[in-house]
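Asker: Heads up: the protein sequence lines correspond to chains A and B, in order. Start counting the first sequence at 0; every next residue gets the next number (numbering that gives the first Met the number 0). Start counting the second sequence at 0; every next residue gets the next number (numbering that gives the first Met the number 0). Once you've had a glance at the structure underneath, I'll fire off some questions.
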Amino acid sequence: MRIESWLKSNTFHHSTFSDLNALVGEKQKQNLKISLCIPTLNEEKTIGKEIVIFKSELMQRYPLLDEIAVIDSDSSDQTREVASAFGAQVFLSRDILKKYGEKRGKGENLWKAIYQLEGDILVYIDADIKNIHPRFVYGLVAPLIYRPEIHYVKAFYDRPLASSHGSRPSGGGRVTEILIRPLFSLFFPELTALIQPLSGEYAVRREVLDKIPFPIGYGVETSHLIDVYHRWGLQAIAQTDLDRRVHRNQHTRELGKMAFGILQTFLKRVEALGILGKLPELSTTLRQFQVNNNLFEEIPLNIVEEERPPMIDIPEYVAKFAPA
Amino acid sequence: MAEISSEQENRVAGSFEEILTMLPFIEEASRALQEILLANLVMIGEIPSPTFEEDRRVEFIQNRFVEAGLHNASADEMGNALGILPGTTGEQNILVVAHIDTVHPISVDHTITLRPQSAIGPGVGDNALGVAVVVTLPTLLELLDIELQSNLVLMGASRSLGRGDLEGLRFFLSNTEIPVSVGISIEGFPLGRLSYDSIGMYRGEIVCSVPEEYDWTRFGATGAIVTINEVINHIQEIRLPRRPRSTIVLGSIMGGQAYNTIATNAVLRFEIRTESEQIGEEIFHQMEAIISDVSSQTGADINLDVFARRKPGGITYQHPLAGAARRIMSALDIQPRKSPSTSELSAFIGYDIPAITIGITSGEHQNTPEEEIAIEPIFTGLAQLTGVLLAIDRGFCSEN
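Shown next, in the form of structure tokens:
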């Protein structure tokens, strides 16, 4: 029942917020600053377009964004050069908070963005979206501007609530439907209302972001949802339908790695929250197999889901932002 | 230059030289619009817009016209997107048009990739860039602090290509109450293109169908592909004069279903292009005779369908509009390439409106999914367009 009412009150469609003049007006009235962070690793083909569109539409034409920053994990292609050429601020992840070392993973870039960027609201957009459009940003930011009780807005890419032709399955990805939804159904049933809990696009208030830890790998989205839900409740979360997202497909083997990382994060969370009791020491080796000349070969992969602490625990951050 | 008299130069406020000296500054200043122009290019280009299915692109352009504060921003019943930037006197009406349809079907991936030096994707140059320039033009003029005396009518023209046969622009010109003084047709590329006259053209298809119950023991029993090949062989034998220049373009051929099935259908798409209306008619009649002949020999059903015709015409080399365009291009180090047109220009010619077609940047792989345009020359192309607009606006392009 609670899920039903949440779906009604906290699920949006981007078209609701297409009046950008009104949105910018409300943002200015609240004196909010909004930062866009694009975490990158070898995204030279799509990054230029993302920056041009967001800069033109959401900085020059409608001043919704105050800064656009690319936080890069040492791309070996031209990602940083292309992003700079089109006028984005470009940072190497390892150059931010150097004292705390360098970890490899998207979550690391998202975490460091909290320190590096100035916004009261941070919006994260993946760099591999082929059909990029301003709605990817305003659709996520708008619920935070119009609804003060909402802290975390997640993207999804379907219309499961608006079908006029009877019911049909809503469209999560493979890892969502095979792993996350069953896990949430078992342990956090209310979180199943999120249509695409793993989508890489979300907007969050700084005062929430700086208080949650950041797994640096595959588990960052899952842990965010659990942490925000646990601390602020389902009412603090919202989701926006952004219609359609075209991106590159991942091989099943890649999805296996993702699922392994997410499971590690998930189990740590349910253990920390006292839901499962004490777990034995878990292996960090994912064992996948391939056939070579009719022989099966094991491919062991060490995947460790390290975690960064809440940014509020970092003295440099406290000194920079001096939160009350 | 001979085509613009000194008397003409003195008659209007400001000299032509003044426009020429402004060009480098316009070129430099227009760089400030890089993001806006490229964002328009990407958003327009990623909306599929095959001929007769341009609605979504029209909606986008219309929204842009409304946001730019254009008067009468609207779409007409033919699906043209229109808006007017009023001039200070409104004595002239300059129509700046870009066709919004493409040759790419909706099923093609319309993703555009943006690199620092280039943009790549189907239709990015033909004609997403042309449309993006039309849409960005009010912002450019505002940035340059240019207020034209003339009304500027901006138009994204629908149903231009193939079977569309310029239906959008023709509809507008035959139904509008706005007396259009001059037309400028914008193509994404190539920069340096200067068309001011149109060649005569017949565009059509030869469709060959062999009935399923065809008697395969008869001559031509190898099916529709061989039959259409016979037609092609005869077309190749048509004697074409060197002057007036004339050619038959065999542009596309389709036919058959599989490796091992005799083809029952084949389609040949062609254009007859000629500087002479009479030669065009003669070639067309010869093609009719060929088809009748091959059809009677083979028993195949061959149909000649001509769905677009253009009469040759346009303004002359000496016309002040052509001359002004050449001077502006020359001042910007653009090498003008006279290129007879079968595009929008033909519609203007049909209504005796002096008009030119110009390109905005360099590009390659036209009409393929890898179509690519260069970004840097776009600013030269924008300066060229602005210069031509100023020249028209200040009266340097009128024969009177």
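C-beta: ideal position from N, C-alpha, C; glycine also.
Does DSSP put P188(A) in a helix, a strand or coil?
Answerer: If DSSP states are grouped into helix, strand and coil, P188(A) belongs with the helices.
Asker: Just to confirm the assignment: which complete alpha helix (DSSP H) runs, minimum length 4, are found wholly within the segment 67-152 of chain B?
Answerer: List check, alpha helix (DSSP H) in window: 128-142.
Asker: Starting from T88(B), find everything on chain A with Cβ-Cβ shorter than 8 Å and list it in chain order.
Answerer: Within chain A, no residue comes near T88(B); the closest Cβ sits about 30 Å away, beyond 8 Å.
Asker: So what's F288(A) in DSSP terms, helix, strand or just coil?
Answerer: Residue state, collapsed to three classes: strand.
Asker: Kindly indicate the opening and closing residues of the beta strand (DSSP E) around V303(A).
Answerer: Per DSSP, V303(A) belongs to no beta strand (DSSP E) and is neither H nor E.
Asker: Go ahead and label T135(B) buried or exposed: buried means 16 or more other beta carbons lie within 10 angstroms of its beta carbon, across all protein chains shown.
Answerer: Buried.
Asker: Answer with yes or no whether the minimum CB distance from E56(A) to chain B is below 8 Å.
Answerer: Chain B, which has a Cβ nearer than 8 Å to the Cβ of E56(A), makes this yes.
Asker: How many Å lie between V245(A) and E371(B) at the Cα?
Answerer: Taking the straight line joining both Cα atoms gives about 21 Å.
Asker: For V317(A), which residues from the same chain have a beta carbon less than 8 Å from its beta carbon, with the 5 sequence-adjacent residues on both sides left out?
Answerer: I311, listed in sequence order.
Asker: Go through its chain and collect everything with a Cβ distance to T284(A)'s Cβ below 6 Å, but skip five positions before and after it.
Answerer: Closer than 6 Å at Cβ, skipping near neighbours: P299, N301.
Asker: Starting from N264(B), follow the beta strand (DSSP E) in both directions and report where the run begins and ends.
Answerer: Segment 264-273, the beta strand (DSSP E) holding N264(B).
Asker: For the segment 100-113 of chain B, list every residue whose C-beta sits within 7 Å of some C-beta in chain A, in sequence order.
Answerer: Per Cβ criterion, the list reads T110, I111, T112, L113.
Asker: According to a CB-to-CB cut-off of less than 8 Å, which residues of the segment 85-96 of chain A neighbour chain B?
Answerer: Of all residues in the segment 85-96 of chain A, F85, G86 have a Cβ within less than 8 Å of some Cβ in chain B.
Asker: Whole angstroms is fine: what's the gap from I183(B)'s alpha carbon to M154(B)'s?
Answerer: Their backbone Cα atoms lie some 10 Å apart in a straight line.
Asker: Going along chain A in order, which residues have a C-beta closer than 7 Å to the C-beta of A38(B)?
Answerer: Residues of chain A passing the Cβ test: V51, I52, S55, E56.
Asker: According to DSSP, is Y217(A) helix, strand or coil?
Answerer: Three-state result, Y217(A): coil.
Asker: Residues of chain A with CB closer than 8 Å to the CB of I35(B), please, in chain order.
Answerer: By Cβ distance, chain A contributes S55, Q59, R60.
Asker: Enumerate in chain order the residues of its own chain whose CB-to-CB distance from M0(A) is below 8 Å, with the five nearest sequence positions on each side excluded.
Answerer: The predicted model places M0(A) with a pLDDT of 48, which falls under 50 and marks its position as unreliable, so this point remains unresolved.
Asker: Within 8 Å of any Cβ in chain A, is that where the Cβ of P189(B) sits?
Answerer: Not one chain A Cβ lies under 8 Å of P189(B).
Asker: Against chain A, which members of the segment 128-147 of chain B pass a CB distance test of less than 7 Å?
Answerer: Answer set for the segment 128-147 of chain B: empty.
Asker: Counting along the chain, where does the beta strand (DSSP E) carrying I70(A) start and finish?
Answerer: Start and end: 66-71.
Asker: On a Cα-Cα basis, can you pick out the residue from L208(A), L197(A), P188(A) that is closest to L233(A)?
Answerer: Looking at the Cα atoms, P188(A) is the closest of the given residues.
Asker: Which of the residues in the segment 220-242 of chain B, read from start to end, lie with their CB under 8 Å from any CB of chain A?
Answerer: The residues in question: there are none.
Asker: At a Cβ cut of 8 Å, what residues of the segment 40-67 of chain B count as close to chain A, listed as they run along the chain?
Answerer: Per Cβ criterion, the list reads V41, M42, E45, E66.
Asker: Using the beta-carbon count (16 or more within 10 Å), is N20(A) buried or exposed?
Answerer: Exposed, by the Cβ-count rule.
Asker: How big is the Cα-Cα spacing for H318(B) and A324(B)?
Answerer: So the two alpha carbons sit approximately 10 Å from each other.
Asker: If you follow the beta strand (DSSP E) that N302(B) is in, where does it begin and where does it stop?
Answerer: 300-309 is the span of the beta strand (DSSP E), which, as asked, contains N302(B).
Asker: Using a Cβ-Cβ cut-off of 8 Å (strictly less than) and excluding sequence neighbours within five positions of T411(B), which residues of its own chain qualify?
Answerer: This structure does not reach residue 411(B), given that chain B is present from 0 up to 399, and the question cannot be answered.
Asker: Kindly identify the DSSP beta-bridge partner or partners of R336(B).
Answerer: Per DSSP, R192(B).
Asker: Nearest-angstrom Cα distance between L57(A) and L64(A)?
Answerer: Answer to the nearest angstrom: the Cα atoms are 6 Å apart.
Asker: By DSSP's criteria, D240(A) is part of a beta bridge. Which residues make up the other side?
Answerer: The partner list for D240(A) (beta bridge, DSSP) reads H12(A), F155(A).
Asker: State yes or no: is the C-beta of L344(B) within less than 8 Å of the C-beta of T360(B)?
Answerer: Not closer than 8 Å, so no.
Asker: Which of the three DSSP states, helix, strand or coil, is assigned to F334(A)?
Answerer: No information on residue 334(A) is available, as it lies outside the stretch 0 to 323 that chain A covers here.
Asker: Using DSSP with H/G/I as helix, E/B as strand and the rest coil, what is E369(B)?
Answerer: Three-state result, E369(B): coil.
Asker: Can you tell me whether D351(B) is buried or exposed, with buried defined as 16 or more other CB within 10 angstroms of its CB?
Answerer: Under this definition D351(B) is an exposed residue.
Asker: Buried or exposed, going by whether 16 or more other CB atoms sit within 10 Å of the CB of G254(B)?
Answerer: Buried, since its Cβ has 16 or more Cβ neighbours within 10 Å.
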